[in-house]
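So the sequence shown is numbered by our numbering: it starts at 76 and just counts up by one.
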Amino acid sequence: MEEYISEEINLLVGQSKKIKLGFVNSFNIVYCGMPNKDVFSLSLMLSSGYQGYGFNLYFPKDLKIVRIHDKEFRLINVNPDMITLRIEKLTS
């Protein structure tokens, strides 16, 4: 039987969180703040071996669901200093 638990992610500007995609693969998200009062930015950072890259993604502040790299995050709160996201994880 599949069961889900939710995890709340709180990030200050410049803080990162590793998100697992499976047994081996993962990516990092970094909160980059708010370039204006209606938009916030998250950076997606990916790596493979010695090579990696990152890019900023921009989202409207009133968005409910943030989709990054096939993962869905529920936006709980965002302000210029901090963002709170919730992700549901499948437990086995």
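The C-beta atom is built at its ideal place from N, Cα and C for all residues, glycine as well.
Counting C-beta pairs closer than 8 angstroms gives three or more between the region 80-95 and the region 153-166, which meets the contact rule.
When secondary structure is reduced to three states using DSSP, N154 falls in the coil class, being assigned neither helix nor strand.
Bounds of the beta strand (DSSP E) holding L121 are 114-123. The three-state reading of DSSP puts L160 in strand, counting E and B together. Counted as a single uninterrupted DSSP element, the beta strand (DSSP E) harbouring Q126 occupies residues 126-135.
Around the beta carbon of L96, a 10 Å sphere encloses fewer than 16 other beta carbons of the protein chains shown; the residue is thus reported as exposed. L132 sits close to S116, with the two beta carbons spaced by under 9 angstroms.
Linking I140 to G124 through their CA atoms gives a straight-line distance of about 31 angstroms.
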